[in-house]
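Here the sequence shown is numbered in this note's numbering, starting from 9 and rising by one per residue.
Before any comments, here is the structure.
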Amino acid sequence: MKLKTGLFFLLALSLTLSCSSPEGEESALEKIFSDDTLPPANGGILDILVVAEDKVWNGGPGRAFEEHFIGMVYGLPQPEPRYTVRQVAPKEFSDLLKRSRYIVLLDAKADSSSLVFEMDKWARGQMVTHLSAPSDLDLRKLTLKENETIDARISDLESERLYTKMQPLTHKEYPEFFSKHNLKLNVPRDFALSVSTDDVVVYWKTTTLADNGIIIYVGDLPEDEAIIGNNIIPLRDSLTKLYVPGQRDGSYMITEDLVKPQLNPTEVQGRFSIEARGLWRTHGDIMGGPFVSYTLYDEENNRLIYIDSFILAPEKKKRKSLFELESIIRNLEIL
C-alpha cells in the first residue's frame with residue numbers, strides 16, 4: 009500500500025510541476041533530478057586522467073596516447089608538455105577519481121572499435137572519452153587516428169570553461185575602439201588599459217611574478233591573399249615596436265627570429281584565421297617569453313583583425329598561463 013501511495017505521489021508531483029512550467033523551460037521536477045545533483049568536476053588546467061590496464065598503458069595504445077598528449081608545447085622557452093597526464097588501473101579508479109574533469113577510458117576488450125564522448129557522467133562539467141577496440145593493436149590504431157579529435161575537444165571545453173569562469177571578474181566599461189569596430193572581448197579587471205587609439209588597444213597585467221599583455225588591432229584586409237601568412241610577423245613587430253616598449257630607453261618587443269614562429273590555419277568566430285605561436289625578445293634588452301596570436305580575415309567587412317597575447321615570467325612555467333590568455337583572446341566576438 010505504501011509503495012502504491014509513493015508512486016501515486018510522484019506521478020501527481022510530476023504532472024503538477026510539468027503543467028506549471030512555461031513551454032520550452034526546464035520543469036521543476038527536471039531540475040530536481042538534473043545534473044545539479046552531481047558534484048562539480050575537479051582537476052587542474054589541462055589535466056587528463058587515463059583509466060587503463062597497466063598492460064594497455066605500457067603497450068602500444070598507451071604510448072600512442074602519451075606521445076601526443078605529453079608532447080612539448082611549441083614556442084615556450086622551457087620544455088613543457090601539452091597536458092598533465094596521469095594513468096590509473098580500473099581497480100584504482102575510485103569515486104574520488106571519478107570526479108576528474110577529463111577522463112579517458114582505454115578499453116582493448118570491446119567488440120568493435122569506437123570513440124564516444126560522454127558529458128557529466130560522474131560530475132558536472134566533466135567529459136569522459138571512451139576509446140574502445142577488440143585488441144591492443146586495434147586500440148593503438150584508433151588512438152593514433154583520434155588523438156587530434158580528442159585534443160581539440162578537450163582544449164575547446166577547457167578554454168570555454170576558463171573564459172566563463174572569468175566573466176564575473178571582467179571590465180564593465182571599454183574604450184570606444186570596441187564599439188567603433190563592432191567587437192566585444194571580456195577582459196579581466198586585473199588587466200589595465202595602457203593604449204587606446206582608433207585602431208589599437210593594449211592591455212597589461214603586471215604582478216610580482218609575471219607580466220601579461222594583450223594587443224588588438226584592426227586594419228585593412230591585404231590585397232594579395234596568397235601571401236597573407238607572410239604579413240603576420242611583420243605586422244606584429246610593427247605593433248610591438250610602437251606599443252610595447254622595454255624597460256630601457258629605446259628598447260621594444262620584437263619576434264624572436266632564431267626560433268621560427270609556427271603558423272597554423274584555424275577558425276575563430278567562424279572566420280578563417282591563422283594562429284601564430286612563438287617567442288618574443290626585447291630589442292635593446294634581455295627580456296623575452298612566449299606569445300600566441302590569432303589573425304582573423306573578416307572578408308565580409310574587408311578588414312583584418314589581429315589579437316595577440318604574450319607573457320614575461322622569468323624562470324616560471326608558462327604553459328597554463330599562456331593557455332588562460334588564449335582562452336581570453338579566442339573568445340573575441342564580432343558583433
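No residue lacks a Cβ here, since even glycine has one placed at the ideal position from N, Cα and C.
As the structure is a computational prediction, the values presented were derived from the model and not from experiment.
Distance CB(residue 84)-CB(residue 326) smaller than 7 Å: Counted from its first residue, the sequence shown places residue 84 at position 76. Counted from its first residue, the sequence shown places residue 326 at position 318. Result yes, Cβ atoms of residue 84 and residue 326 sit closer than 7 Å.
task: Determine the extent of the alpha helix (DSSP H) in which residue 63 is found, giving its start and end residues.
output: The residue you call residue 63 lines up with position 55 of the sequence shown. Where residue 63 is concerned, the enclosing alpha helix (DSSP H) stretches over 62-66.
- prompt: What do you get for residue 176, buried or exposed, if any count of 16 or more other CB atoms within 10 angstroms of its CB means buried?
  reply: As a first step, residue 176 must be located in the sequence shown, where it is residue number 168. Its Cβ having fewer than 16 others within 10 Å, residue 176 is exposed.
Buried/exposed call for residue 127, threshold 16 Cβ in 10 Å: Taking the first residue of the sequence shown as position 1, residue 127 is located at position 119. Counting the other CB atoms within 10 Å of its CB gives residue 127 a total below 16, which places it among the exposed residues.
message: Can you tell me where the alpha helix (DSSP H) holding residue 308 begins and where it ends?
response: Here residue 308 refers to the residue found at position 300 when the sequence shown is read from its first residue. Unbroken run through residue 308: none, as it is neither H nor E.
Inter-residue CB distance, residue 313 and residue 190 (contact presumed, cutoff 8 Å): One-based indexing of the sequence shown puts residue 313 at position 305. One-based indexing of the sequence shown puts residue 190 at position 182. 10 Å between Cβ atoms; not a contact.
task: In the DSSP assignment, find the unbroken beta strand (DSSP E) run with residue 287 in it and report its ends.
output: The count along the sequence shown starts at 1 and reaches residue 287 at position 279. Run containing residue 287: 279-291, per the beta strand (DSSP E) assignment.
task: Could you name each continuous alpha helix (DSSP H) segment of 4 residues or more that falls completely within the region 62-138, going from the start of the chain to the end?
output: Taken in chain order, the complete alpha helix (DSSP H) segments of 4 or more residues contained in the region 62-138 are 62-66 and 68-77.
query: Going by beta carbon distance, what residues of the same chain come within less than 8 Å of residue 247, once the five residues before and after it are set aside?
result: Working through the sequence shown from its first residue, we reach residue 247 at position 239. Only 208, 223, 225, 314 and 316 meet the Cβ criterion.
query: Between which two residues does the beta strand (DSSP E) carrying residue 143 extend?
result: For the purposes of this step, residue 143 is identified with residue 135 of the sequence shown, where counting begins at 1. Unbroken run through residue 143: none, as it is neither H nor E.
Host alpha helix (DSSP H) of residue 263 (start-end): Stepping through the sequence shown from its first residue, residue 263 is reached at position 255. It is not in any alpha helix (DSSP H) - residue 263 instead sits in the beta strand (DSSP E) that spans 260-263.
message: Looking at the ligand ZN, does it come within less than 6 Å of residue 327, judged from the CB to the closest heavy atom?
response: In the structure on display, the ligand ZN does not appear, and there are no ligands present to speak of.
task: Quick one: grab the DSSP three-state call for residue 172.
output: Residue mapping note: residue 172 aligns to position 164 of the sequence shown, counting from 1. Looking at residue 172 - three-state DSSP - the assignment turns out to be helix.
query: Considering only the beta carbon of each residue, do residue 1 and residue 64 sit closer than 7 Å?
result: Outside the modelled stretch of the chain, which goes from 9 to 343, sits residue 1, for which no answer is possible.
message: Which of the three DSSP states is assigned to residue 336 in this structure?
response: Here the question's residue 336 lines up with position 328 in the sequence shown. Here residue 336 sits in helix by DSSP.
query: Any idea if residue 104 is buried or exposed, counting beta-carbon neighbours within 10 angstroms, 16 or more meaning buried?
result: Walking along the sequence shown from the start, residue 104 turns up at place 96. Residue burial is scored here from C-beta neighbours: residue 104 has fewer than 16 other C-beta atoms within 10 angstroms and is therefore classed as exposed.
task: Tell me residue 275's beta-bridge partners as DSSP assigns them.
output: Residue mapping note: residue 275 aligns to position 267 of the sequence shown, counting from 1. Residue pairing by DSSP puts residue 275 in a beta bridge opposite 280.
message: Measuring only the C-alpha atoms, how far is residue 229 from residue 61?
response: Residue mapping note: residue 229 aligns to position 221 of the sequence shown, counting from 1. Residue mapping note: residue 61 aligns to position 53 of the sequence shown, counting from 1. Each residue's Cα considered, the two are about 53 Å apart.
- request: Classify residue 150 as helix, strand or coil using the three-state DSSP reduction.
  value: As a first step, residue 150 is located in the sequence shown; it is residue number 142 there, counting from the start. Looking at residue 150 - three-state DSSP - the assignment turns out to be helix.
- prompt: To the nearest angstrom, how far is it from the Cα of residue 262 to the Cα of residue 292?
  reply: Taking the first residue of the sequence shown as 1, we reach residue 262 at position 254. Taking the first residue of the sequence shown as 1, we reach residue 292 at position 284. Straight-line Cα distance between these residues: approximately 10 Å.
task: Give the single residue among 282, 54, 183 and 212 whose Cα lies nearest to the Cα of residue 161.
output: Taking the first residue of the sequence shown as position 1, residue 161 is located at position 153. Measuring from the Cα of residue 161, the nearest candidate turns out to be 54.
- request: Going by CA-CA distance only, name the one from 74, 215 and 279 that's closest to residue 159.
  value: Along the sequence shown, one-based indexing puts residue 159 at 151. Comparing Cα-Cα distances from residue 159 to each of 74, 215 and 279, the minimum goes to 74.
query: residue 193 and residue 340: beta carbons closer than 7 Å?
result: Along the sequence shown, one-based indexing puts residue 193 at 185. Along the sequence shown, one-based indexing puts residue 340 at 332. The answer is yes: Cβ separation under 7 Å.
task: With a 10 Å radius around its C-beta and 16 neighbouring C-beta atoms as the bar for buried, classify residue 286 as buried or exposed.
output: Locating residue 286 in the sequence shown gives position 278, counting from the first residue. Residue 286 comes out buried.
query: According to the neighbour-count rule (16 or more other Cβ atoms, all chains shown, within 10 Å of its Cβ), is residue 185 buried or exposed?
result: Within the sequence shown, residue 185 is the residue found at index 177, counting from 1. Per the 10 Å Cβ criterion, buried.
message: Between which residues of its own chain and residue 32 is the CB-CB distance below 7 Å, once the five residues before and five after are set aside?
response: Here residue 32 refers to the residue found at position 24 when the sequence shown is read from its first residue. Annotation note: pLDDT 43 at residue 32 (below 50); position unreliable, coordinate value reported separately. Closer than 7 Å at the Cβ level, and outside the excluded window around residue 32, lies no residue.
task: Within the same chain, show all residues whose beta-carbon is closer than 6 Å to that of residue 12, passing over the 5 residues directly before and after it, in chain order.
output: Along the sequence shown, one-based indexing puts residue 12 at 4. Reliability fails at residue 12, whose pLDDT of 43 lies under 50, so the model's placement of it is uncertain and the value that follows must be treated cautiously. None.
task: Would you mind reading off the limits of the alpha helix (DSSP H) that contains residue 257?
output: Position 249 of the sequence shown, counting from 1, holds the residue named residue 257. Looking at the DSSP string, residue 257 is not in any alpha helix (DSSP H), and its letter there is neither H nor E.
- prompt: Roughly how many whole angstroms lie between the Cα atoms of residue 96 and residue 59?
  reply: In the sequence shown, counting from the first residue as 1, residue 96 sits at position 88. In the sequence shown, counting from the first residue as 1, residue 59 sits at position 51. Roughly 5 Å between the two C-alpha positions.
query: Which one of 217, 188 and 172 has the shortest CA to CA distance from residue 195?
result: Taking the first residue of the sequence shown as position 1, residue 195 is located at position 187. Checked all of 217, 188 and 172; the closest Cα to residue 195 is 172.
- prompt: What three-state label does DSSP hand residue 237 in the structure shown?
  reply: Position 229 of the sequence shown, counted from the start, is the residue given in the question as residue 237. It is helical.
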